[in-house]
Amino acid sequence: MVVMPSRNVIRHDLPESYYHVYARGANKDIIFIDESDKDYFLYLLSRHLSKREVVTRNGYPYPHFRNKIELLTYCLMDNHFHLLFYQRDQGILSELMKSIMVSYTAYFNNKYGRTGPVFGSRFKASLVNKDSYLLHVSRYIHLNPRSWRNYKFSSFKYIRKGTEPEWLQSEKVLELHSNRRQYGIFVADYEENKKMLSELKYVLADN
């Protein structure tokens with residue numbers, strides 16, 4: 014049985030808006046036991062956000078959200094994840110997250126022979142309504158892992174090298190810097206990050 018969070022929380026569901034999305038495991042349990050689990054979660058993102066529709070074995074298309082929402086940055090940790098989206102059409106973020114979390118729960122429970130919820134009771138999505146916050150939230154997401162520079166399951170490596178897969182659209186973050194190198198320097202500027210953290214507390218979805 015697939016168990017979904019009982020309520021999906023989006024503060025101020027608006028079109029043409031940025032959102033920090035966050036969810037952790039039920040009871041703070043691990044939701045990505047090995048790397049293949051993280052790979053599957055990224056596959057789900059690509060399935061819904063790639064340029065071409067992906068179809069099931071029976072030829073039916075999966076929900077396709079390209080041109081309705083953009084994934085700007087992400088980071089998958091063992092017991093939670095962070096995603097930064099730009100939502101073009103109102104309500105699309107909820108549809109996308111529902112599809113991903115239902116599919117991942119079914120995958121996880123089937124793989125590990127378990128039942129019940131994988132995620133906590135809800136995911137959180139907080140509106141990011143200033144360019145300055147957008148930059149700092151993207152940096153906050155990328156700095157989650159201890160070895161963030163070379164972390165395999167973060168968008169930072171793609172943004173730094175200019176090798177983004179088609180389902181990752183980081184342009185709106187990079188436009189706020191002169192080039193990719195400058196963005197890397199910005200992320201590495203830990204002292205400035207500490208100064209902004211207290212101001213960001215009410216913006217971030219995981220608080």
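Going by our numbering, the first residue of the sequence shown is number 14, and it counts up by one from there. Ideal Cβ placement from N, Cα and C applies to all residues, glycine included.
Annotation for Q100: the continuous beta strand (DSSP E) segment containing it runs 93-100.
According to DSSP, L84 shares a beta bridge with F98.
Separation of the CB atoms of W180 and S49 is rounded to 19 Å, and the pair is thereby denied contact status at 8 Å. Rounded to the nearest whole angstrom, the CA to CA distance from I198 to V141 is 22 Å. Buried is the label assigned to Y87, since at least 16 other Cβ atoms lie within 10 Å of its Cβ.
Of the candidates H149, K51, F169, K51 places its Cα closest to the Cα of T118. Within its own chain, the residues whose Cβ lies closer than 7 Å to the Cβ of R79, once the five positions on either side in sequence are excluded, are L62, S63, K64, listed in chain order. Spanning the alpha carbons of E184 and R135 requires a straight line of approximately 29 Å. Of the residues assessed, E83 falls on the buried side of the cut-off, its CB having 16 or more other CB atoms within 10 angstroms. Taking R159 as the centre and dropping the five residues before and after it, the same chain places no C-beta closer than 7 Å to its C-beta.
H93 is classed as buried because its beta carbon has at least 16 other beta carbons within 10 Å across all chains shown. Per DSSP, Y171 is not a residue of any beta strand (DSSP E); the alpha helix (DSSP H) it occupies stretches across 169-174. Sixteen is the threshold: since fewer than 16 other Cβ atoms of the shown chains lie within 10 Å of the Cβ of K143, the residue is exposed. Here R37 is buried. Its C-beta has 16 or more other C-beta atoms within 10 Å. Within the DSSP bridge table, the entry for A36 names F94 as partners. By the neighbour-count criterion, in which 16 or more other beta carbons inside 10 Å mark a residue as buried, I46 falls on the exposed side.
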